[in-house]
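Enquirer: With positions in the sequence shown counted from 1, the corresponding number in our numbering is that position plus 3. Attaching a single structure in structure tokens format; questions to follow.
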Amino acid sequence: MNARILLLPGDGIGPEVVAAAVQVLEAIGKKFSHSWTLTSKIIGGAALRQNLPALPDDTLAAAKTADAVLLGAVGDSSFDALPPSSRPESALLKIRKELGVFANLRPARSWPGLEHAGPLKPEVLAGTDLVLVRELLGGLYYGEPRGQDAGAGTAVNTMRYSRPEIERVTRVAFGLARKRRRQLVSVDKANVLEVSQLWRKVVTEIAADYPDVTLSHQLVDSCAMKLAFAPASFDVILTENMFGDILSDEAGAVCGSLGLLPSASLGPGPGLFEPVHGSAPDIAGQGKANPVGAIASAAMLLSDGLGLHEEAAAVTAAIEHALSSGLRTADIMSASGRLVSTTELAAAICAAI
Ligand code: IPM
Ligand code: MN
Numbered sequence: 004m005n006a007r008i009l010l011l012p013g014d015g016i017g018p019e020v021v022a023a024a025v026q027v028l029e030a031i032g033k034k035f036s037h038s039w040t041l042t043s044k045i046i047g048g049a050a051l052r053q054n055l056p057a058l059p060d061d062t063l064a065a066a067k068t069a070d071a072v073l074l075g076a077v078g079d080s081s082f083d084a085l086p087p088s089s090r091p092e093s094a095l096l097k098i099r100k101e102l103g104v105f106a107n108l109r110p111a112r113s114w115p116g117l118e119h120a121g122p123l124k125p126e127v128l129a130g131t132d133l134v135l136v137r138e139l140l141g142g143l144y145y146g147e148p149r150g151q152d153a154g155a156g157t158a159v160n161t162m163r164y165s166r167p168e169i170e171r172v173t174r175v176a177f178g179l180a181r182k183r184r185r186q187l188v189s190v191d192k193a194n195v196l197e198v199s200q201l202w203r204k205v206v207t208e209i210a211a212d213y214p215d216v217t218l219s220h221q222l223v224d225s226c227a228m229k230l231a232f233a234p235a236s237f238d239v240i241l242t243e244n245m246f247g248d249i250l251s252d253e254a255g256a257v258c259g260s261l262g263l264l265p266s267a268s269l270g271p272g273p274g275l276f277e278p279v280h281g282s283a284p285d286i287a288g289q290g291k292a293n294p295v296g297a298i299a300s301a302a303m304l305l306s307d308g309l310g311l312h313e314e315a316a317a318v319t320a321a322i323e324h325a326l327s328s329g330l331r332t333a334d335i336m337s338a339s340g341r342l343v344s345t346t347e348l349a350a351a352i353c354a355a356i
């Protein structure tokens, strides 16, 4: 296969982790005889620094015509004073919307050798293997009206969802659960929010088409607690945009580090693949970033973006191999581990492929 992959390294540690993921893609290309046409474009603070909008037109055009997009991170505190609509993060919201990637899959698992890396007792973390399906194009992130009224000292955001928006992401979550352990937990705040009441109703209706999947509903506060107490009890979690943003960071911490979590954002066109972590400006450029989130995102690009499942499995196995051999970036370092840099860990993963 030849696939056109657009790279959007972005800000902070984004360029380092994308470079690591590219090395892995090249190793896979070599082993399985695929060739990649890689193009790189700027996004986020990297674009603002060149006096361009956070999402330049040619970056968006390249994304729309690519087979898949691999993004590092966006976020740069130099632009903190800007309104949300022109900050680096706005590029991410716009590219998600323009690509129509409504379903954001965020797998979180316990990796071999990292049973002790997180804050939980190893026996609590053991067996954790869940996927959080986050609705990505609705809710508070996009709802109108929104804005600040400086004079009145008020501000408003709107949590809005329509039936079709809930339905399409629900079908993705049920489809995924069907391929896994057939347990779906839909997370909402139906004891307070009308939007959540609609959410619960629509999800329950769709469940009739998936009788082989067990559906339960859980309130978001109680889900946050259960993620910490019993992460291994979850298979697929379905939730709206903001709840999914928050719960996925928690899932990252539970598994040992946010730096381990990959994501795939899927819609009708090219998928957008990015690690869940942010730009981490405090460690940028020092070779300290954990490349596993980005490399596992490249694995999702191979499987969910290009249909190359065997290749994706080879990446996952190589990550497992490197972690089992004790190699650790600082975020997951332990007494028995060997501290390595971003590029050293990536090289070990490539060698295992
Ligand atoms: C994420 C990030 C983004 C989000 C930010 C950077 C806009 O936190 O992908 O989880 O909130 O969606
Ligand atoms: Mn987030």
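Ideal placement from N, C-alpha and C gives every residue a C-beta, glycine not left out.
Quick check: the segment 73-88 against the segment 249-262, are at least 3 beta-carbon pairs closer than 8 Å?
Expert: At 8 Å Cβ cutoff, the stretches do not touch.
Enquirer: Just curious, the beta strand (DSSP E) that Ile8 is in, first and last residue?
Expert: From DSSP, the beta strand (DSSP E) with Ile8 extends over 5-13.
Enquirer: Whose C-beta lies closer than 6 Å to the C-beta of Cys226 among residues of the same chain, with five residues either side of it excluded?
Expert: Contacts found: Val190.
Enquirer: Hey, would you say the C-beta of Tyr145 is under 8 Å away from at least one heavy atom of the ligand IPM?
Expert: Answer for Tyr145: no, Cβ out of range of the ligand IPM.
Enquirer: Report buried or exposed for Met4, applying the criterion of at least 16 other Cβ atoms within 10 angstroms of its Cβ.
Expert: Exposed, because fewer than 16 other Cβ atoms sit within 10 Å of the Cβ of Met4.
Enquirer: Can you give, in chain order, each stretch of the beta strand (DSSP E) that sits fully within the segment 255-333 and has at least 3 residues?
Expert: With a minimum length of 3 residues, the continuous beta strand (DSSP E) runs that stay inside the segment 255-333 are 267-269, 274-276.
Enquirer: Expressed to the nearest angstrom, what Euclidean distance is found between the alpha-carbon atoms of Thr319 and Leu309?
Expert: Spanning the two alpha carbons is a distance of roughly 16 Å.
Enquirer: Taking just the CA atoms, how far does Pro59 sit from Ser89?
Expert: Spanning the two alpha carbons is a distance of roughly 12 Å.
Enquirer: Once DSSP output is grouped into helix, strand and coil, what is the label at Asp152?
Expert: If DSSP states are grouped into helix, strand and coil, Asp152 belongs with the strands.
Enquirer: Let me know if Met228 comes out buried or exposed under the rule of 16 or more other beta-carbons within 10 Å of its beta-carbon.
Expert: The residue is exposed, with fewer than 16 neighbouring Cβ atoms inside 10 Å.
Enquirer: Can you have a look at Asn293 and say buried or exposed, based on whether 16 or more other CB atoms are within 10 angstroms of its CB?
Expert: So Asn293 counts as buried.
Enquirer: By how many angstroms is the C-alpha of Gly103 removed from the C-alpha of Ile322?
Expert: Near 30 Å, if we compare the C-alpha coordinates of Gly103 and Ile322.
Enquirer: Check whether the Cβ of Val2 sits closer than 8 Å to any heavy atom of the ligand MN, and report yes or no.
Expert: As shown, the chain starts at 4 and ends at 356. That puts residue 2 outside it, with no answer to give.
Enquirer: Does the beta-carbon distance from Leu9 to Ser38 come in below 9 Å?
Expert: Not closer than 9 Å, so no.
Enquirer: Does the ligand IPM have a heavy atom nearer than 8 Å to the CB of Gly281?
Expert: True, at least one ligand heavy atom lies under 8 Å from that Cβ.
Enquirer: Is it the case that the CB of Ser36 approaches a heavy atom of the ligand GDP more closely than 8 Å?
Expert: Absent from the structure shown: the ligand GDP. Ligands present: the ligand IPM and the ligand MN.
Enquirer: From this set, Arg184, Asp334, Ala301, Ser339, which residue's C-alpha is nearest Ala30's C-alpha?
Expert: Comparing Cα-Cα distances from Ala30 to each of Arg184, Asp334, Ala301, Ser339, the minimum goes to Ala301.
Enquirer: Helix, strand or coil: which one does DSSP assign to Thr40?
Expert: In the structure shown, Thr40 sits in a strand (DSSP, three-state: E or B).
Enquirer: CB Ile46 to CB Ala94, shorter than 9 Å?
Expert: Their beta carbons are under 9 Å apart, which means Ile46 touches Ala94 by this criterion.
Enquirer: Quick one: measure Cβ to Cβ for Val239 and Leu187, integer angstroms, because I've assumed they're closer than 8 Å.
Expert: Going by Cβ atoms, the distance from Val239 to Leu187 rounds to 5 Å, so yes, they are a contact pair.
Enquirer: Which two residues bound the contiguous alpha helix (DSSP H) that contains Gln26?
Expert: Taken as a continuous stretch (DSSP letters only), the alpha helix (DSSP H) holding Gln26 covers 17-35.
Enquirer: Ordered along the chain, which non-local residues of its own chain (more than five positions away) have a Cβ less than 6 Å from that of Thr62?
Expert: Result list for Thr62: Lys44, Ile46, in chain order.
Enquirer: To the nearest angstrom, how far is it from the Cα of Ala350 to the Cα of Ala153?
Expert: Going from the Cα of Ala350 to the Cα of Ala153 covers about 51 Å.
Enquirer: How about Asp252: is its Cβ closer than 8 Å to a heavy atom in the ligand IPM?
Expert: Flag set: Cβ of Asp252 near the ligand IPM.
Enquirer: For a test of the three-state rule: what should DSSP assign to Ala84, helix, strand or coil?
Expert: Three-state DSSP puts Ala84 in coil, outside helix and strand.
Enquirer: In the DSSP assignment, what are the bridge partners of Pro110?
Expert: According to DSSP, which records beta bridges pairwise, Pro110 is partnered with Val134.
Enquirer: Could you tell me how far apart the beta carbons of Gly141 and Glu168 are, in whole angstroms, since I believe they sit closer than 8 Å?
Expert: Right, their Cβ atoms sit about 5 Å apart.
Enquirer: Would you say the segment 277-293 touches the segment 334-344, given that touching needs at least three Cβ pairs under 8 Å?
Expert: The segment 277-293 vs the segment 334-344: in contact.
Enquirer: Taking the C-alpha atoms as reference points, what is the distance between Ile298 and Gln26?
Expert: Distance between the alpha carbons of Ile298 and Gln26 is about 9 Å.
Enquirer: Measuring alpha carbon to alpha carbon, tell me which of Ala57, Arg52, Ala65, Asn54 ends up nearest Leu41.
Expert: Looking at the Cα atoms, Ala65 is the closest of the given residues.
Enquirer: Thinking C-beta only, is Leu269 closer than 9 Å to Ser251?
Expert: Contact: no.
Enquirer: Sort Ala316, Pro12, Ser36, Phe232 by Cα distance to Gly48 and report the nearest one.
Expert: The candidate whose alpha carbon is nearest that of Gly48 is Pro12.
Enquirer: Buried or exposed for Arg166, please, with buried defined as at least 16 other CB atoms from any protein chain shown within 10 angstroms of its CB.
Expert: Burial call: exposed.
Enquirer: Spatial neighbours of Ser306 within its chain, please: C-beta separation below 7 Å, excluding the five flanking residues on both sides.
Expert: His312, Ala315, listed in sequence order.
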